[in-house]
Amino acid sequence: MTQTFRVGVIGCGKHMFEFLFGSLKWTPAAAVVAACDIDRAKLDQLARVYNVPRLYTDIGDMLAKERLDAVVVAAGHQQNFPLLRAALEAGVNVFVEKTPCNDTAEAKALAELQRKSGKALMVGFNRRFMTGYAMAREVSQRPEFGGIRMYHSQFHATPYRSDEFLKVNHIIHHLDLARFLMGELTITHVDKLQIDDRRIGYNISFRSQTGAIGIIQSASMLDEIYPMERLEIVGDRRNIVVDNIKNFIYNRPPLNSKQNYEPFAIDDAGDALVWNPSHGYYPRYSHHGYENGLRYFFDCLQAGKLPQPDIHDSVRTMELIDQLNQKIGENKSPTAFSPS
Numbered sequence: 223m224t225q226t227f228r229v230g231v232i233g234c235g236k237h238m239f240e241f242l243f244g245s246l247k248w249t250p251a252a253a254v255v256a257a258c259d260i261d262r263a264k265l266d267q268l269a270r271v272y273n274v275p276r277l278y279t280d281i282g283d284m285l286a287k288e289r290l291d292a293v294v295v296a297a298g299h300q301q302n303f304p305l306l307r308a309a310l311e312a313g314v315n316v317f318v319e320k321t322p323c324n325d326t327a328e329a330k331a332l333a334e335l336q337r338k339s340g341k342a343l344m345v346g347f348n349r350r351f352m353t354g355y356a357m358a359r360e361v362s363q364r365p366e367f368g369g370i371r372m373y374h375s376q377f378h379a380t381p382y383r384s385d386e387f388l389k390v391n392h393i394i395h396h397l398d399l400a401r402f403l404m405g406e407l408t409i410t411h412v413d414k415l416q417i418d419d420r421r422i423g424y425n426i427s428f429r430s431q432t433g434a435i436g437i438i439q440s441a442s443m444l445d446e447i448y449p450m451e452r453l454e455i456v457g458d459r460r461n462i463v464v465d466n467i468k469n470f471i472y473n474r475p476p477l478n479s480k481q482n483y484e485p486f487a488i489d490d491a492g493d494a495l496v497w498n499p500s501h502g503y504y505p506r507y508s509h510h511g512y513e514n515g516l517r518y519f520f521d522c523l524q525a526g527k528l529p530q531p532d533i534h535d536s537v538r539t540m541e542l543i544d545q546l547n548q549k550i551g552e553n554k555s556p557t558a559f560s561p562s
């Protein structure tokens, strides 16, 4: 028998209002019965649009008065820790939008709380659930691909509020994506370029446990209205490119050599595979990953499984931020930009 989960949402700002709440439409097992935010105007807006029956400005009141099975949290990493702790201590399953907390120490404390509670604490690193990146993972794990040997991603943004916020809120996405695709990583070198307090760029070099090498280029110097994200992974005489999230191509070597001046024939098992869906069709896939991630979370609860990535997994992503900061400190090269 399918269980209906009583859900509370915590943090009713732009991300919850524009992305997460609407993504629950693919999850019929989730019934939102309450919302919580310290800003009454945000609560009223969410309730008006989504018809949430009960509103709270204090999480303690909501947890005490509602019989919740789960909460979906999008309060921001600076506010998350006490909210997640309260939910776990109340015996409630948690889905929290990344970044889960301020630092590795808080992540480890949450992991211990999760272990003691036996409840789920899934961290919403949505790129793991984006269709293009999920395809890249599946294809790169095929024997024919030969394993990932080289990795290059770009993930840009508009000017950020600070350098630290750029790393913890933005760059962390592609650090986690690289872990998702390649396994555990060691950051080997970091170059930094700084225009001012809000415009900063990084080249982050790393090596995986298999010996593969990679680089993540991420900066807050672009206007985010333009394409800002790209991934290329290289295997055995083939590569995968995911450009602007939606565009996927798998370039394979041809089975037969191409002779000069002769007509080319596309090989069924060679040449390029391109994913090119209609953008005018109501999709049953998720470009941004939020729908798939939330559906997966509640499917796991339904099946009695702990969803991934959980907070224990996310500790290792948080530790990459520590490595990043350490390598920045070790590199004594100039970071300032001086146009000629």
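The working numbering puts the first residue of the sequence shown at 223, with every later residue one more than the last. Glycine included, each C-beta is placed from N, C-alpha and C at the ideal position.
By the neighbour-count definition (other C-beta atoms within 10 Å, threshold 16), Phe559 is an exposed residue.
Where Gln439 is concerned, the enclosing beta strand (DSSP E) starts and stops at Ile435 to Ala441.
A Cβ-Cβ contact shorter than 8 Å links Val229 with Ala252. Ranking Pro476, Glu454, Met284 and Met540 by CA distance to the CA of Val361 puts Glu454 first. If you look at Thr224, you'll find it isn't in any beta strand (DSSP E); DSSP assigns it neither H nor E. Residue pairing by DSSP places Phe317 opposite Val294 and Met344 in a beta bridge. Looking at the backbone, the Cα of Gln336 and that of Asn461 are separated by about 39 Å. Boundaries of the beta strand (DSSP E) harbouring Met372: Met372 to His378, taken from the DSSP string. Sorting Thr557, Gln548 and Ser536 by C-alpha distance to the C-alpha of Ala331 places Ser536 at the top. Per DSSP, reduced to three states, the secondary structure at Cys234 is coil, with no helix or strand assignment. When the alpha-carbon of Gln225 is set against those of Gln545, Pro556 and Cys522, the nearest one is in Cys522.
Ranking Leu246, Ala309, Asp259 and Gly233 by CA distance to the CA of Ala296 puts Gly233 first. Between Lys527 and the set Glu328, Ile281, Leu343 and His411, the nearest pair of CA atoms involves Leu343. Tyr504 sits exposed, since fewer than 16 C-beta atoms from the chains shown fall within 10 Å of its C-beta.
With contacts defined by Cβ atoms closer than 8 Å, Ile550 and Ala329 do not form a contacting pair. The three-state secondary structure of Leu310, taken from DSSP, is helix.
Listed as beta-bridge partners of Arg228 by DSSP are Ala253. Closest option to Gly346, judged by alpha-carbon separation, among Leu546, Gln548, Leu415 and Gln530: Gln530. In this structure, Phe351 lies away from Gly492, with their beta-carbon atoms at least 8 Å apart. Using a Cβ distance threshold of 8 Å, Ile438 and Leu403 do not count as a contacting pair. Counted as a single uninterrupted DSSP element, the alpha helix (DSSP H) harbouring Phe402 occupies residues Ile394 to Met404.
In summary, Ser555 is exposed, with fewer than 16 beta-carbon neighbours lying within 10 Å of its beta-carbon over all protein chains present.
With contacts defined by Cβ atoms closer than 8 Å, Pro381 and Arg420 form a contacting pair. Between the stretch 419–434 and the stretch 381–396, the count of C-beta pairs closer than 8 Å reaches three or more; the two stretches touch. With 16 or more other Cβ atoms from the protein chains shown falling within 10 Å of its own Cβ, His395 counts as buried.
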